[in-house]
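Reviewing the structure listed below.
This is how it looks when you write it as structure tokens:
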């Protein structure tokens, strides 16, 4: 019996490729049932848009210092005020958002992609390979994530690339596990067997037949991983690791603002709030995704 | 007119402040910055400290062979004895090496300062004061230093202090087998001898007027002859005994009842707590700590407003130096070096990185702290970014790009951030590489990079900076400067027994460095400290230039 | 006449879905009297579960009664407060649910789950309640009731779980109404028969009324005195059981009865085309009109009322009078409909597909010799990891399948029949023995097999829901084998896929649809089309209709029969349902615990002598005929165990157990007079004599 | 059950072994050579070589690993390079401190979160549930360091209710230490609370939809009985696992929290060790953290198995 508690079987979520009309219906239903989730999703899209086009909207250079404008409270010119270098906090948050999406987002994507491929293969092939990979994943998962990241940062040097590598190393086993559990369920389905006896290649079975069933679960998992990664990078920034000054990184901004909050609390408030709001939005979005999948399953 | 965000903020202010109405702190703070950065007025207290230093210096360097005697010795024993009370809690970063030969950080030195005694000490004004040596004398030719030891000093294990211990302590620092990084301090030492149990004689190879400062070095504590196990046995003659050392957490000290300076310390004990500066400041504000001596300037500025705290700042000779290697292009071109100086606005950097608390730097490691040597009129090129751009173009570097390597500690990153911005106005691109400090210095990478910022701790004499980093054969000649004229000036400044000659040499060095040096030194660190008002400090709350040297023997709980 | 226990008047129940109320049950009226067993029969989507929920007074959160009344023992049940309901539930009104495992709390013992009900209503002490629970378990004929009371649900078999739930439902002495919600659907046929026996017996001992909800016409015929036929939320016909089965007045009822395969009846089954309209698409006229062969304009325009044909016989049809009078011949009408359907099928297409292979001298398509299959082969690591000990699911099975013929393989779940088929096609490894397909050895996983081997054998799976990839269009699904196995280009494959759809009577525009947009029957048609795409010589049909509704089942069976006739393809038909097997098969083999116990031609199969296991299977089938006499041969539940019994594997359950010989010696194959073989110690004549004796 | 038990214990050992290999390899990759770390800059080449030999750095990686593992298992964890102290007592004392913090956080978070999660799950869609979901969502979104800073500034420095730092004196009794532990525990508990609470809520909702609940209701049981006897028993089973998982999270979270509050725990020691490139200390600390985490998981698994008859009796 493999149903140990930790290996929670993730049921494959039956999302079916949908016609536009049906998609619209599901979205309306989501809006109706869970407006918060929709708001969360919109929030994430908003942050993404801001990160993409925000830099063209803000008149300030996020790393340009200005002695005459330091520590200014929020005003019309600087909606979020300025920091101890006179840098516009809103601009820094926007550029920092870029960092979040570029670094955290791409790390999550890579981890999800790798985890997907590994999970598909080991889940489908099973056997010794599966055992070895899963034991290895167990071992990696037994390491508290922040400690592992710290060790890696120490080992590979403190750079953005290392943070990326660390996130990937952290998340690949988790994603692999999730994908594998779905694959284990899907691969016993008759349509997979039908494909096998139809002489299909392994590639076709893995990526055309099985993968679509994994994607919805993966989307939810990816969203959650993303929010954890934001946390992780922020924590690293706070501990003074990862992204280097003067790059506008949210965690780093919080860390730096710690010296200043007694004098100018807004320097601490806005980046903290940005982290909280984005993480909450991502979580809400993940929740909404899950609901959408449940709908299409029940539909 | 008020945006929604402003409302949110207002609420946040209120929330943080527990809902009390108050004057917005940041305004006070801005006013303060404005004062520091725009006016160069020297505060009264600062003025006093400067003149005191000058007086002490004059006293010390008299060439007459009379014994120098410190004034504060008279204070000892006059004060009525009261029961020792209270444990003074001081926040430090964690200690690692407690072997005097290797100790280097503030916290480590603070530990040594508590447990051991120096032969002679430095005051906050760079004067040399007696400690285990109750008096000393310099020979006519300046090559012999004779120290008289106090007769009643005892080690914590009861053994009386003798000249043998002093010999052992210094010989240990000089011993290549021990491998202390301080070994070069004593290169010029020919021999140490002990004519009797309470007399020690240092004989130099050549004259070295600043040699007395080597005796005051952080590492030069007097240990028990034969002691080797410094990481677990802490036997000194100092005012405090170690009761318990808990690595990476704290050290508990108790007052040394048999301390030779009878009556000291006033406190019953001392506790060093090892925590990062943010936590330390919060602990100080919350009454969990009594003293914090090193902290980010912004935190210090905020603490100045705390009614429960007394604060103090002193200037030091410590500084951050931005330096360019001169043995490779573009640093080998004097026009480039000049252009970089022109592109730099030092006041602005000081205002940003030190919040104006630092004293201004003029691209030489000699600052106002060394009042006698400092030349406020050294010919710095004026701030002129456009001129710098033109000059660079002329030199053939119209689009100069640098990788700037910066240790990730202190205000060095802030310095780098401002420089990046300032130089951009002169068309220079700077890519900042923040490096973990331990890695940066540990792997000697700092000596190799083309452009870097190096932090230099406070030293009692400018000579060390010059010898180490600006002589062509200097141990840490990071800029690879090789200027025979400069070398000669440094030697002269370091060996001449003629005071006027030395002052002239130092000023010449400053002039050279200002005109064409590889360094940009925009500020000298302040040393700052904050203590709870529950503690009174005899003679006022003072902090040593190297905060770890601050003693708390005269702190008394109110 | 005494007042009914349960009276439902004009009940309409609706669900709120995305802000719209949709009726699931509409204008249903019926009343159940004391000691009466009232059957409600309906296919999936007929609203029978909703009706059950409404009767229990426990609708799901988004459901509501829109109109009508329910009286329970004369009390307004719909408006009863929660407190009152709690007093009645379990005490006077009980339910036996469909899926016993999920209906039991996995974390509590069986005994405790029954005892807590007793404690709640009878206010007995803990000890007395436990005693009562054990007593109830005994009443439902559970062996070792004390032991069962101490066990957790997962430790006992499905049949035992269902007995425990029955014990729970009957635990209250004041019980007035028992609602049975498909109580045997998830059980094996032999277990089902035993449970039905139990109900029949218990009905005599308690005076409670019973509402028996099922989709199985055979079960209803056996158990109920009166039946209501539910379709799309409405009662179509409501009559005493005997009347309904002999003189149904509604076209739907009639077709339903004709759609059930009967053993020994070779006539083609009557399929009902189309499917039950979804809640959103309920027609405004007669809800059955879209599928009705006899529908006239009036039917589409106007909803027929529920009329009383004779006393006690209600029917909802505009044309019941014509049907009653015999002037409307439904069979002819639907034959007409079927012809229309068949025109779509491009018979020529298949002929063309198979034309290249007409050198059919070789009669044997597939032969298997001494095939053994083992599950859970474990190595050192496996043992360390505590995997289950290996289990031989198929043990020494040999058989031949002839060109164009169907071999039916029958057995209970877990008998190894599916495992055998899967081992042939390579989804599980053959441990020993060998199998050949058209002289090509069947060895290794499908990936390791030659294209020709793959092409010659295909499979139809049990669950249509699972046999099509929900993420791929029908076109993509059908195109793959054409391209991979038959080497067609994409364009050719597209054309051929459309042809295939037509051959299974589906419109070509289904190519762009996703499986979720198809009904179960349509999905199974697509699965059949896929199996035929590679032009195989043999198709393994693994329970091809067991998860389909009765009306759809018939159409699929007909399609299979018709395609076989046209293309001389051989079938290995696996089913637990002897009626289904008898309809299609030319030869029948019975498998028990991995071994064949009987084989023979279909004609001789239903005549004695039978292997005692076959005999029990035959006796278990509920026939859709209330007048049919049941032979009472019942098997005890199969214990869920991996230990293979010694001697004859069937001996622990055998109704004709002889003694030590059965326990110690493996029985020999015996040949009966009709040319069938069975594996038993009892000689043919003796066995035949035993089995033709009339039941006492 | 016996086979299940042995299997879990076996996996536990295997996981630790693999983890140690991974950590050992990662630590060996750390830049900055060991000799410099131990001997300081400017050490003689001969001394360096001697040290290399003494530490066994010349040997192939796997032999180094085997040597280290052998010593480690015998309790010889070596001395910290940076602190010059034996590692085992140091790490153990820190582990004890961290555990104390974790324990208080758990004691605050677990009962409260289970209760709130249960109430929210039972009132799905009602105002209480919505409020709970929103608040827990926001709590989940607040990084520990932000939460810590807020608590320090508001509770400790403005309201002066509790000390701002968690720097506990050595040998302090539990009651003396407690006030200093409350703020960091609260910080850790906040996220934990939200996390466990949300999962309990989901578990309760999922169990409420299970068929056996209908069976229980239709037995006529009181709603209270249904909830506490039937639903909770099943809904809390996965929560046990969740608590074990959050224990792992806690170890990570404590790294930040201990730094914010200057608490002498294992997490702070680890950050210090990594900054100092103190290889033996990193290895010792990480291994003990991993062991604690894996042990928590093992205990949770066994507890889960013991409470779940489906596993206990299979």
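Chains as they are written, first to last, in our numbering: chain A, 92 to 390; chain B, 11 to 568; chain C, -13 to 682; chain D, 773 to 1086.
C-beta: ideal position from N, C-alpha, C; glycine also.
- Here the region 127 to 134 of chain B makes no contact with the region 194 to 201 of chain B; the two share fewer than three CB pairs at distances below 8 Å.
- The CB of residue 148(C) never comes closer than 7 Å to any CB in chain D; the least such distance is about 12 Å.
- The DSSP-derived three-state label of residue 1021(D) is helix.
- Taking a cut-off of 8 Å for Cβ pairs, the region 339 to 354 of chain B and the region 471 to 488 of chain B do not touch, as fewer than three such pairs fall below it.
- Note that the C-beta distance between residue 1018(D) and residue 968(D) is below 8 Å.
- Pairwise C-beta distances place the region 498 to 510 of chain C out of contact with the region 392 to 406 of chain C, as fewer than three of them are shorter than 8 Å.
- Separation of residue 177(C) and residue 146(C) (C-alpha to C-alpha, rounded to the nearest whole angstrom) is 9 Å.
- Residue 306(B) and residue 338(A) have their C-alpha atoms spaced approximately 20 Å apart.
- When the alpha-carbon of residue 197(A) is set against those of 321(A), 370(A), 382(A), the nearest one is in 321(A).
- For residue 445(C), the beta-bridge partners assigned by DSSP are 526(C).
- Comparing C-alpha distances from residue 831(D) to each of 926(D), 898(D), 800(D), 966(D) shows the shortest one belongs to 800(D).
- Contact note: residue 296(B) reaches chain D through 924, 928, 929, 932, 934, 935, 936, 937, using a C-beta cutoff of 9 Å and chain order.
- By the C-beta criterion, the region 402 to 420 of chain B is judged to be in contact with the region 458 to 469 of chain B, since at least 3 inter-stretch pairs fall below 8 Å.
- By the C-beta density criterion, residue 659(C) is exposed, having fewer than 16 other C-beta atoms within 10 angstroms.
- Annotated as proximal: residue 357(C) and residue 416(C), with beta-carbon spacing under 8 Å.
- Rounded to the nearest angstrom, the gap between the Cα atoms of residue 135(B) and residue 558(B) is 15 Å.
- About 15 Å separates the beta carbons of residue 76(C) and residue 63(C), which is beyond the 8 Å limit, so they are not a contact pair.
- With respect to chain A, the C-beta atom of residue 965(D) has no partner C-beta closer than 8 Å.
- Residue 390(C) sits in coil when the DSSP states are folded into three classes, being neither helix nor strand.
- Assigned with DSSP and collapsed to three states, residue 557(C) falls in strand.
- By the neighbour-count definition (other C-beta atoms within 10 Å, threshold 16), residue 288(C) is an exposed residue.
- At a cut-off of 8 Å, the C-beta of residue 1036(D) has a neighbouring C-beta in chain B.
- Taking the Cβ atoms as the reference, residue 840(D) lies roughly 7 Å from residue 796(D), within the contact range of under 8 Å.
- It is roughly 6 Å from the alpha-carbon of residue 144(B) to the alpha-carbon of residue 159(B).
- At a cut-off of 8 Å between C-beta atoms, residue 262(C) does not count as an interface residue with respect to chain D.
- Residue 341(A) carries a helical assignment under DSSP once its states are collapsed to helix, strand and coil.
- Of all residues in the region 156 to 185 of chain A, the ones placed with a Cβ closer than 7 Å to any Cβ belonging to chain B are 156, 158, 162, 164, 165, 167, 170, 171, 175, 176, in chain order.
- DSSP, read as helix, strand or coil, puts residue 9(C) in strand.
- Annotated as proximal: residue 374(B) and residue 527(B), with beta-carbon spacing under 8 Å.
- Taking 7 Å as the cut-off between beta carbons, the residues of the region 224 to 244 of chain A near chain D are 226, 227, 229, 230, 231, 233, 234, 235, 236, 237, 238, 241, 242, 243, in sequence order.
- Between residue 408(C) and residue 464(C), the C-beta spacing is not below 8 Å.
- Counting the other CB atoms within 10 Å of its CB gives residue 363(B) a total of 16 or more, which places it among the buried residues.
- Contact of residue 308(B) with chain A is assigned, a C-beta pair being separated by under 8 Å.
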